[in-house]
Amino acid sequence: MSSPSSSNAPALEVDGLSVELRTRHGEVRAVDGVGFAVRSGETLALLGESGCGKSMTAQAIVGLLDPVASVTGGSVRLAGTDVLALDRAGRRKLAGPKLSIVFQDALTALNPVQTVGAQLAEPFRIHRKMSRKDALAKAAELMERVGIPDPKARLSAYPHQFSGGMRQRLLIAMAVALDPDVLLADEPTTALDVTVQAQIMELLRELRTERDMAVVLITHDLAVVAEHADHVAVMYAGRVVETGPVQDVFADPRHPYTRGLLASVPAKVGRGEELRSIKGGPPELHAIPAGCAFQARCPMVADVCRTDHPGLAETAPGRAAACHFATKEPAHV
Amino acid sequence: MLTFVRRRIVSSAVPLVVVILGVFCLARLTGDPAKLYLPLSATPQMREDFLARNGFDKPLIEQLWDYLEGLFTLDFGESLRTGQDAAGMALRAFPATLQLAGATMLLAIVGAVLIGSWAAYKPNSLADRLSGLLSMAAASMPDFWFAIMGVLVFAVTLGWLPTSGVVGGPEVWVLPLLTLLIRPFGVLVQVVRGAMVSALSAPYVKVARSKGASEPRVVFGHALRNAAPPVLTVAGDLTVGLVNGAVVVETIFGWPGIGKLMIDSILQRDFAVLQAAVLITAVTIFALNILVDLCHALLDSRVRQAVTA
Amino acid sequence: MTVSEQKKGGDSMTATLDTAAQPEDARSQAGRTRWWTLLLRDRVATAAAVVLLLVVLATTLGQLLIGDLDTKQNLRATNTPPGFGHGWEFVLGSDALGRSVLARLMVAGGTSLSVAVPAVLISLIVGGAWGMWAGYHRGWRENVSMRVADIILSFPSLLLAVVVLYIFSPSAANIVAVLAIARIPVYLRTARAESAELRGRLFVDAARTFGTRSGAVIVRHIAPVVAPTLLTVATVDFCFVMLAESSLSFLGIGIQPPDVSWGLMVAQGRQYLQTAWWTAVFPGLAIVITTVSATLLASWFRLATDPAQRWRLALPRGRRGRRSAPVLPEVTQ
Chain A
16 MSSPSSSNAP ALEVDGLSVE LRTRHGEVRA VDGVGFAVRS GETLALLGES GCGKSMTAQA
76 IVGLLDPVAS VTGGSVRLAG TDVLALDRAG RRKLAGPKLS IVFQDALTAL NPVQTVGAQL
136 AEPFRIHRKM SRKDALAKAA ELMERVGIPD PKARLSAYPH QFSGGMRQRL LIAMAVALDP
196 DVLLADEPTT ALDVTVQAQI MELLRELRTE RDMAVVLITH DLAVVAEHAD HVAVMYAGRV
256 VETGPVQDVF ADPRHPYTRG LLASVPAKVG RGEELRSIKG GPPELHAIPA GCAFQARCPM
316 VADVCRTDHP GLAETAPGRA AACHFATKEP AHV
Chain B
4 MLTFVRRRIV SSAVPLVVVI LGVFCLARLT GDPAKLYLPL SATPQMREDF LARNGFDKPL
64 IEQLWDYLEG LFTLDFGESL RTGQDAAGMA LRAFPATLQL AGATMLLAIV GAVLIGSWAA
124 YKPNSLADRL SGLLSMAAAS MPDFWFAIMG VLVFAVTLGW LPTSGVVGGP EVWVLPLLTL
184 LIRPFGVLVQ VVRGAMVSAL SAPYVKVARS KGASEPRVVF GHALRNAAPP VLTVAGDLTV
244 GLVNGAVVVE TIFGWPGIGK LMIDSILQRD FAVLQAAVLI TAVTIFALNI LVDLCHALLD
304 SRVRQAVTA
Chain C
117 MTVSEQKKGG DSMTATLDTA AQPEDARSQA GRTRWWTLLL RDRVATAAAV VLLLVVLATT
177 LGQLLIGDLD TKQNLRATNT PPGFGHGWEF VLGSDALGRS VLARLMVAGG TSLSVAVPAV
237 LISLIVGGAW GMWAGYHRGW RENVSMRVAD IILSFPSLLL AVVVLYIFSP SAANIVAVLA
297 IARIPVYLRT ARAESAELRG RLFVDAARTF GTRSGAVIVR HIAPVVAPTL LTVATVDFCF
357 VMLAESSLSF LGIGIQPPDV SWGLMVAQGR QYLQTAWWTA VFPGLAIVIT TVSATLLASW
417 FRLATDPAQR WRLALPRGRR GRRSAPVLPE VTQ
């Protein structure tokens, strides 16, 4: 789980990233000042409930936001260069060889009317200007690498002829085709059954080590985070509320939301104990309250939470939490 | 692929057979075919001669046999107007219509794909709204009136283009082509736009962009092929409907095609020629439907599987 | 979250409202007032509705005002150009026989509408009922119906009209019959698809388990749901039928003199294009105005009857306008 960091400078550094959405309630901030960093060979998990802005963060990083959303602030540095400052052509050059993304729904993410061979060969055709034949040979190699049997024959097959797990492998193959420095994986296993999930996560881990990639894993699955990530950033209502090494954060969560999440995992609860869930749901984006966004659901809520928004503050070396009471021991919840 | 073609031919042949039998029945439905085939001034003697000569006095089933035999030997009788072979007249008129219709559909599809994709690329932009309004107006335009307005402005007032005829340079094509083009073009722009909006918002488009694909590659390489099936279906229907437009355009501009032949033979009560023209058109439409189905299958492997499975 | 997902979300939210399983009176009053407010909010659709209303009024009530002006010849005032110098009846000029173009437009419009409206209504009722019946019973009834629709649609409508009108003389009743038959498949297909889909829904099942006869289920439960879609189709189809009738009349195989329709007026005016352009221009303009208005109203109608789109019309008419920014209904990621 903990792989050695190969260099000290982070491969991807996100700072103060904000995304706004146009809705019928006016402009709302879906991602608010999100920041994190990942080093090569490491995995950072972006953890949160659905709706917390983690997918939008990923799409903002790769520059694939829907037209209703736009980045309104912050920086995304890839080996030092701010990609948000680049023009479209500049970003296109990075897409594939430097920065890549695996989407969650492999059925719709693969083009239904193109052969998988053509789709896998596309990165080589675009960035390395290879001939069709050479690119297809590379595509076959990739398919073999991600564990698709009989790759040469299946180059001319269409996506609907593959199973869900195989489609996800194809998507991953496409994303790692050009050895990207940073790989974002947006819920890569949600649509799959449990045994296939494990295989896909294993494949991602192998590829990370083999190609020394920095991986950002977007997920709502605590078990996946515990098993496959080195660092974790917990998101709530568009903000990062707690960060740190996975082991430390899970052993001693400092934010009541993280604590609530961990308490709702069956494996952590002893026999006979009550399985807790966090009461209520996250606030609507157009109605985020002043002060702390978690106040309505927080067992430790105090007056200061209703007026002051807690910033992300260091609680221990390499760890931070956004709670007014982050350094206090929790009252029994 | 061969099974596919065979199946499509069989299922598309049903309408053709219905048309063939329909023309046969309709011609005999009024009770007196002589009324249809002969001029109104025909004497009773002429009628009897006609009935005997063409076998209308035989039992119906024998008539049907003769009729079908005539179809296969391309013998539809003679034109009352010219005394020529009716099938020959229809076949001679056919290429003129085919040229006009082919050029129209080519222009309509290429133009609609470009403008529709442009509109769909930024939904709700000024370009989108403008093309939406114009294509809507074009689709609900009476083509005969559009043609006359074209004649009024460019031929009568400005004198740039001829009012009718096919003799001359490319300028004789302009007004007929535009007239025939306007409604299919308007409809197609709207269809392409709708299909492209949904194709461009599909996840695989994001994936293509994440691979660093250029925008033309995303639009024409990835989205367009997925948007093609509905466009193709509508384009096929519009080509069938082009016969409607061709009748109007050829009449107005004196284009010697099959549409003008049909209207002329109606107005001069020349049933043999009308029958030949209708049947040749029906056969063409039959072939066209098969062609459209084939294109569907070539575009999407799922269609091939669904039909042959 | 993508735009399409948002739409799906909106759809499922409103779908329950739209199944119209509620009793009749629950939908009535509140629903009706909302249609009016929705229509009035859309300036373009309101204008289109007003224009159509004016056309109907002019061609029905207007005829009472003009008396015999449409046939009264005045050979000393032939081909008067449009203008205000010759009294209100010659505002749009006079034709080659000195008849008022305005009066003839009104009478001709009446003829055009009296062909188009019955043709649309007949094909709507026959095709709609047939389609609902076929879709409800499935099996061979559905197959045969669809084959019949295919056959009619694969044949150009004008060609059908040409052959039929050649054999049976071209009278208004025959034109209505031919156009109605040619357009039945359009409604048949739409109604069949919707009714086949509804058949599987819970409220139809419930009615069937109570032993309701199929005819009653179709009338009470399926027809109210399918009706809005069919009406949208009918509005679009009105243009088609109107254009078909005017084409036929223009070609000389539709409405026959001394009766007159807009298409026939264009044909008659065509001979005087050089000397009296207005006799051909105005009737064509009348057709364009009517068909474009109907199309605009139909596209509004389509938005208003589509639960996934209806919210767009409910937006305040702000600076951004109704159709400008793709605004999302709800931000629930």
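Residue numbers (our numbering), protein chains in the order written: chain A, 16 to 348; chain B, 4 to 312; chain C, 117 to 449.
For glycine and all other residues, C-beta sits at the position ideal for the given N, C-alpha and C.
Task: Extent of the continuous beta strand (DSSP E) run through Phe51 (chain A) - done: Where Phe51 (chain A) is concerned, the enclosing beta strand (DSSP E) stretches over Gly41 to Val53.
Task: Ala60 (chain A) vs Leu232 (chain A) beta-carbon contact at 8 Å - done: yes
Open item on the list: Residues of chain B with CB closer than 8 Å to the CB of Gln390 (chain C), please, in chain order.
Closed with: Val159
Open item on the list: Quick check: what's the CA-CA separation for Lys125 (chain B) versus Val195 (chain B)?
Closed with: 14 Å
TODO: Find the residues of chain A that neighbour Pro219 (chain B), judging by a C-beta separation of less than 9 Å, and give them in chain order.
DONE: What Pro219 (chain B) touches in chain A: nothing, since even the nearest Cβ is about 12 Å away.
Task: Among B:Thr254, B:Val208, B:Thr85 and B:Arg272, the one whose alpha carbon lies nearest that of Thr123 (chain A) - done: B:Val208
- [ ] Taking the CB atoms as reference points, tell me whether Gly68 (chain A) and Gly253 (chain A) lie closer together than 8 Å.
- [x] yes
Task: Inter-residue CB distance, Gly48 (chain A) and Gly63 (chain A) (contact presumed, cutoff 8 Å) - done: Wrong, their Cβ atoms sit about 15 Å apart, outside the cutoff.
Task: Proximal chain B residues relative to Lys148 (chain A), where beta-carbon distance stays under 9 Å - done: For Lys148 (chain A), no chain B residue has a Cβ inside 9 Å of its Cβ, as the nearest lies near 19 Å away.
TODO: Identify whether Ala312 (chain B) lies in helix, strand or coil by the three-state DSSP scheme.
DONE: The predicted position of Ala312 (chain B) is uncertain, since its pLDDT is 46 and thus under 50; a value taken from the coordinates is nonetheless stated next. Note: Ala312 (chain B) maps to coil in three-state DSSP.
TODO: Identify the contact partners of Asn247 (chain B) in chain C, using a Cβ-Cβ distance below 8 Å as the criterion.
DONE: Pro272, Ser273, Leu274, Leu275, Ala360 and Ser363
Task: Proximal residues of chain C, C-beta to C-beta of Thr254 (chain B) below 7 Å - done: Leu367
TODO: Look at the Cβ atom of Ile215 (chain A), then the Cβ atom of Gln176 (chain A), and state whether they are nearer than 8 Å.
DONE: no
Task: Beta-carbon separation (whole angstroms), Ser213 (chain B) vs Val77 (chain A), contact threshold 8 Å - done: 6 Å
Open item on the list: Could you tell me the alpha carbon to alpha carbon distance between Asp146 (chain B) and Leu19 (chain B), rounded to whole angstroms?
Closed with: 28 Å
Open item on the list: Run through chain B and tell me which residues come within less than 8 Å of Arg143 (chain A), C-beta to C-beta.
Closed with: Those do not exist, as Arg143 (chain A) stays about 11 Å from chain B at its closest Cβ, beyond 8 Å.
Open item on the list: Tell me which residues share the same chain as Ile403 (chain C) and place their Cβ nearer than 6 Å to its Cβ, disregarding the 5 neighbours each side in the sequence.
Closed with: Ser362 and Trp378
TODO: Give me whichever residues DSSP pairs with Met250 (chain A) in a beta bridge.
DONE: A:Val255
- [ ] Give a yes or no on whether 8 Å exceeds the smallest Cβ distance from Asp158 (chain C) to chain B.
- [x] Chain B, which has no Cβ nearer than 8 Å to the Cβ of Asp158 (chain C), makes this no.
Open item on the list: Measuring straight from C-alpha to C-alpha, what distance separates Leu413 (chain C) and Ala163 (chain C)?
Closed with: 9 Å
Open item on the list: Within a Cβ cutoff of 6 Å, which residues of the same chain sit near Leu168 (chain C), ignoring the five residues on either side of it in sequence?
Closed with: Ser409
Open item on the list: Does chain B have any CB closer than 8 Å to the CB of Lys108 (chain A)?
Closed with: yes
Task: Start and end residues, beta strand (DSSP E) containing Glu350 (chain A) - done: Limits of chain A in this structure are 16 at one end and 348 at the other, which puts residue 350 (chain A) out of reach.
Task: Contact list for the region 90-114 of chain A against chain B, Cβ threshold 9 Å - done: Arg103, Ala104, Arg106, Arg107, Lys108, Leu109, Ala110, Gly111, Pro112 and Leu114
Task: Alpha-carbon spacing of Leu67 (chain B) relative to Val26 (chain B), whole angstroms - done: 11 Å
TODO: Give the residues of chain B in contact with Leu157 (chain A), contact being defined as C-beta atoms less than 9 Å apart.
DONE: Neighbours of Leu157 (chain A) on chain B: none; closest Cβ ~13 Å, over 9 Å.
TODO: Would you check if the distance between the CB atom of Leu80 (chain A) and the CB atom of Ser90 (chain A) is smaller than 8 Å?
DONE: no
Open item on the list: By DSSP's criteria, Glu81 (chain B) is part of a beta bridge. Which residues make up the other side?
Closed with: B:Asp88
Task: Contacts around Leu274 (chain C), its chain only, beta-carbon distance under 8 Å, and the 5 residues preceding and following it disregarded - done: Counting only Cβ-Cβ distances below 8 Å, and skipping sequence neighbours, we find Ala360, Ser363 and Leu364.
Task: Spatially closest choice to Val117 (chain A) from A:Ser70, A:Ala190 and A:Gly50, by CA coordinates - done: A:Ala190
Open item on the list: Taking a contact to mean a Cβ-Cβ separation below 8 Å, would you say Phe111 (chain A) touches Asp227 (chain A) in this structure?
Closed with: Phe is not the amino acid found at residue 111 (chain A); the sequence shown has Gly there. Result no, Cβ atoms of Gly111 (chain A) and Asp227 (chain A) do not sit closer than 8 Å.
Task: Closer than 7 Å at the beta carbon, the chain C residues around Met144 (chain B) - done: Val404
Open item on the list: Could you check whether the region 329-339 of chain C touches the region 245-258 of chain C, counting it as contact only if at least three pairs of C-beta atoms, one from each stretch, sit closer than 8 Å?
Closed with: yes
Task: Segments of 4+ residues assigned as alpha helix (DSSP H) that fall wholly inside the region 85-158 of chain B - done: 89-124, 129-142 and 146-153
Task: Ile268 (chain C) classed as buried or exposed, judged by whether at least 16 other C-beta atoms fall within 10 angstroms - done: buried
Task: Neighbourhood of Ala1 (chain B) by C-beta, 6 Å cutoff - its chain only, sequence neighbours within 5 removed - done: What the structure shows of chain B is the stretch from 4 to 312, and residue 1 (chain B) is not part of that stretch, so it cannot be assessed.
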